[in-house]
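So the sequences go chain by chain: A and B.
For the first sequence, the tail end lands on 249 under our numbering, and the numbers increase by one without skipping.
For the second sequence, the tail end lands on 793 under our numbering, and the numbers increase by one without skipping.
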Amino acid sequence: MTTLLEVDSISVSFDGFKAINNLSLTIPETGLRAIIGPNGAGKTTFMDIVTGKTRPDSGRVLWGQGGMDLVGMSESRIARLGLGRKFQRPTVFEAQTVAENLDMALRNARNPLAVLLARRTDGDRARIAALAEEIGLLHHLGRRAGELSHGQKQWLEIGMLLAQDPRLMLVDEPAAGMTVAEREHTTDLLRRAARTRAVVVVEHDMEFVRRLECRVTVLHEGRVLAEGSLDHVTGNQDVIDVYLGR
Amino acid sequence: MTTAPVPALRRRPILADNPSVLWALLVLAIVTLGVTVLAEGAGAGVISTSFVKTLGKTLCLCLAAVAMDVVWGYCGILSLGHMAFFGIGGYAVGQWLMTARTYDIVAQSLAGQPLPPTPRELDQAVATQIFGVVGSDHFPWIWAFSHSLPLQLLMVVLVPGLLAGVFGWLAFRSRVTGVYLSILTQGMTLALSLWLFQNDSGLRGNNGLSGLQNIPGLEGWGQDRISIAFFWASALALGLGYLLFAWLTSGRRGSVIRAIRDDEARVRFLGYGVEGTKLLVFTLTAVVAAIAGALYYPQAGIINPGEVAPLASIYLAVWVAIGGRGRLYGAALGAALVSLMSSWFTGGGVPDIPLGIYTVQWTDWWTVLLGLAFVAVTLLAPKGLGGLFDLMPRAPSRRQGDWGPDDGAWRNEEGEP
Numbered sequence: 004m005t006t007l008l009e010v011d012s013i014s015v016s017f018d019g020f021k022a023i024n025n026l027s028l029t030i031p032e033t034g035l036r037a038i039i040g041p042n043g044a045g046k047t048t049f050m051d052i053v054t055g056k057t058r059p060d061s062g063r064v065l066w067g068q069g070g071m072d073l074v075g076m077s078e079s080r081i082a083r084l085g086l087g088r089k090f091q092r093p094t095v096f097e098a099q100t101v102a103e104n105l106d107m108a109l110r111n112a113r114n115p116l117a118v119l120l121a122r123r124t125d126g127d128r129a130r131i132a133a134l135a136e137e138i139g140l141l142h143h144l145g146r147r148a149g150e151l152s153h154g155q156k157q158w159l160e161i162g163m164l165l166a167q168d169p170r171l172m173l174v175d176e177p178a179a180g181m182t183v184a185e186r187e188h189t190t191d192l193l194r195r196a197a198r199t200r201a202v203v204v205v206e207h208d209m210e211f212v213r214r215l216e217c218r219v220t221v222l223h224e225g226r227v228l229a230e231g232s233l234d235h236v237t238g239n240q241d242v243i244d245v246y247l248g249r
Numbered sequence: 377m378t379t380a381p382v383p384a385l386r387r388r389p390i391l392a393d394n395p396s397v398l399w400a401l402l403v404l405a406i407v408t409l410g411v412t413v414l415a416e417g418a419g420a421g422v423i424s425t426s427f428v429k430t431l432g433k434t435l436c437l438c439l440a441a442v443a444m445d446v447v448w449g450y451c452g453i454l455s456l457g458h459m460a461f462f463g464i465g466g467y468a469v470g471q472w473l474m475t476a477r478t479y480d481i482v483a484q485s486l487a488g489q490p491l492p493p494t495p496r497e498l499d500q501a502v503a504t505q506i507f508g509v510v511g512s513d514h515f516p517w518i519w520a521f522s523h524s525l526p527l528q529l530l531m532v533v534l535v536p537g538l539l540a541g542v543f544g545w546l547a548f549r550s551r552v553t554g555v556y557l558s559i560l561t562q563g564m565t566l567a568l569s570l571w572l573f574q575n576d577s578g579l580r581g582n583n584g585l586s587g588l589q590n591i592p593g594l595e596g597w598g599q600d601r602i603s604i605a606f607f608w609a610s611a612l613a614l615g616l617g618y619l620l621f622a623w624l625t626s627g628r629r630g631s632v633i634r635a636i637r638d639d640e641a642r643v644r645f646l647g648y649g650v651e652g653t654k655l656l657v658f659t660l661t662a663v664v665a666a667i668a669g670a671l672y673y674p675q676a677g678i679i680n681p682g683e684v685a686p687l688a689s690i691y692l693a694v695w696v697a698i699g700g701r702g703r704l705y706g707a708a709l710g711a712a713l714v715s716l717m718s719s720w721f722t723g724g725g726v727p728d729i730p731l732g733i734y735t736v737q738w739t740d741w742w743t744v745l746l747g748l749a750f751v752a753v754t755l756l757a758p759k760g761l762g763g764l765f766d767l768m769p770r771a772p773s774r775r776q777g778d779w780g781p782d783d784g785a786w787r788n789e790e791g792e793p
């Protein structure tokens, strides 16, 4: 299988603290990948670097078959290449309706002039309705996102991520604040999405990761500690020492 | 999958989505017609010519405030430079007004001489007339187009557009936001006004441009008719500007603009170029403010660098805050009310209050009152005067919950709205 994202020995330090230490990682075109690790392992910093929010001190982030280097590109350019991100804390536009949030995220032309002259087409409407049904917010389309419950905001953000139709989804703790039934729905949704694209999930919750049934990468102190199936990594002595054993 | 039509996604024209636009335009039309009928120019004479001018100027300020609301209330850029663009518009149109009128006057006074003046002599005489106050007798380069009305009108749009474009490009590209951006815009405004104060700026230093109320070619009209003409032009500009901004803040483009205000980092992760959109909004509103200024100063008659100073732009922000940020009619209302009250208080319309040992003179204390009003609105009514409209009872109130308690009951969105 071809590689979609290749993180090649990146390092970054903040005030002398090495948040990411010579980290290398490859993500294939399709499939799920879970990234776990204790607090401060560099999970979020890794996402920040890949999405262009943080610039690494050294290393490359190569994208697609052409091997385009994402380091130094703006966040919006990277997003347009097909990298979508869901944040740990749900970040939706609370002053706007659910429909407006989804409409903004839809995969459409993004240059200022096209946005200026954009009109919501029937195709857009059908897509918004389909997404809203998928995330259980069809009857809340006209409500402001700020009125939604925490779990519903999580769903809305997942919906916005799906609306972007990205090639790589970076999902930070999707299950936080969800009921058991909602968690199952989330796992289904992520697994389905992973059939046609790459999905990387950062998660604390072992049970959730187990249900994803995917390859797991364990981060510790900014580098890869172990990689493999969940059973493989949980059996690894290093992992037990730094993470599970505590 | 077949989806039943969802009410929240129904296609609706912009005006149906935002009925306040029609109401605002209706009020504007009624005010315009009312003032016209009652004005001296139309014969009724209830409203004096000078008050028609005051009202016309107020409409221009409303247009500037609406532009300010779009850049600040919708896009989140607290610009303290939009009255500078307003002033540039005034200077640009003033250059033509002054040049054309001075040519007429000089040509008339030289007409009696035995030899008609050569064009060169005429130029020299006009330049001495205009720039004598700053000790110069020739046209500075900045007046190169001043003989042509179309070119100067082009400058009304071009100069502020370029200035805002270059300034915005530099500021937004370096991701300067929030209070630092405000300080930067204020710095630009201060620099501009200090430059204008200099005699060798070419724009007559602190004398500014004067006699702008005399419109060359319309000598036969008289100020009463001219005032009505400008009042109409101001009302038309306000109406068109209001429509333009109502369009800009609607639909997906409006969503993106408001999203930039609320969380610009998140908008980037959706793939939108935040800088480009901000630059577009900043420049467009600057140009509209300049057009408002170009209509304002022929009614005011005089422009000087003090009007470009940062204080004017701060006032503009205060008007918008008092009127209510994030709604266009709020900004217009705030600008109209506060600027009219300001001229009432400072013009001696309000009697002084003798307190025995101290007399409260409103010409001095008006600023204090305005400051208190600003603080009160900020603390107690962040929605401003426009928020009062939210208190109005609305025609059939929308159901908030489901239509019944059962599981199968219709949700609100399924029923008739």
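Cβ atoms here follow ideal geometry from the backbone N, Cα and C, with glycine treated the same way.
Evaluate residue i with the Cβ neighbour count: other Cβ atoms within 10 Å of its Cβ, from every protein chain shown; 16 or more gives buried, anything less gives exposed.
i               : result
D175 of chain A : buried
E216 of chain A : exposed
L756 of chain B : exposed
P59 of chain A  : buried
A476 of chain B : buried
V555 of chain B : exposed
H143 of chain A : buried
P772 of chain B : The predicted position of P772 of chain B is uncertain, since its pLDDT is 47 and thus under 50; no value can be drawn from it.
A229 of chain A : buried
L116 of chain A : exposed
E103 of chain A : buried
D51 of chain A  : buried
A405 of chain B : exposed
For a contact defined as C-beta to C-beta under 8 Å, what are the partners of residue i on chain B?
i               : result
G62 of chain A  : Under the 8 Å cutoff, chain B gives no residues; its nearest Cβ is about 21 Å from G62 of chain A.
Q167 of chain A : L646 and G647
Using a Cβ-Cβ cut-off of 8 Å, state whether residue i counts as contacting chain B.
i               : result
S79 of chain A  : yes
L222 of chain A : no
L141 of chain A : yes
R128 of chain A : yes
R88 of chain A  : yes
T182 of chain A : no
T237 of chain A : no
Is there a Cβ of chain A sitting closer than 8 Å to that of residue i, yes or no?
i               : result
M377 of chain B : The pLDDT assigned to M377 of chain B is 45, lower than 50, so where the model puts this residue is not dependable; a value taken from the coordinates is nonetheless given after this. M377 of chain B counts as touching chain A.
Y691 of chain B : no
R629 of chain B : yes
A635 of chain B : yes
D638 of chain B : yes
R551 of chain B : no
N394 of chain B : no
So what's residue i in DSSP terms, helix, strand or just coil?
i               : result
K46 of chain A  : helix
P115 of chain A : helix
G87 of chain A  : strand
G700 of chain B : coil
G630 of chain B : helix
A22 of chain A  : strand
T199 of chain A : coil
T220 of chain A : strand
S512 of chain B : coil
I453 of chain B : coil
W597 of chain B : coil
D175 of chain A : strand
So which residues of chain A does residue i contact, with C-beta pairs closer than 8 Å?
i               : result
G452 of chain B : By Cβ distance, chain A contributes nothing, its closest Cβ being about 11 Å from G452 of chain B, past 8 Å.
Along chain A, which residues have their Cβ under 7 Å away from the Cβ of residue i?
i               : result
R601 of chain B : Under the 7 Å cutoff, chain A gives no residues; its nearest Cβ is about 40 Å from R601 of chain B.
V632 of chain B : M107 and V118
Taking residue i as the query, report the chain B residues whose CB atoms sit under 9 Å from its CB, ordered along the chain.
i              : result
A82 of chain A : R644, F645, L646, G647 and Y648
Just the chain B side, please: which residues come within less than 7 Å of residue i by C-beta, in chain order?
i              : result
T94 of chain A : D639 and R642
When Cβ atoms are compared, which residues of the region 96-122 of chain A fall closer than 9 Å to chain E? Absent from the structure is chain E; the protein chains it does hold are A and B.
To be precise: take each residue of the region 23-57 of chain A, compare its Cβ to all Cβ atoms of chain B, and keep it if any distance is under 9 Å. Which residues remain? T54, G55 and K56
Under 9 Å, CB to CB, which of the residues in the region 647-663 of chain B have a partner in chain A? Within the region 647-663 of chain B, the qualifying residues are G647, Y648, G649, V650, E651, G652, T653, L655 and L656.
Pull out every residue of the region 185-199 of chain A whose Cβ sits closer than 7 Å to any Cβ of chain B, in chain order. none
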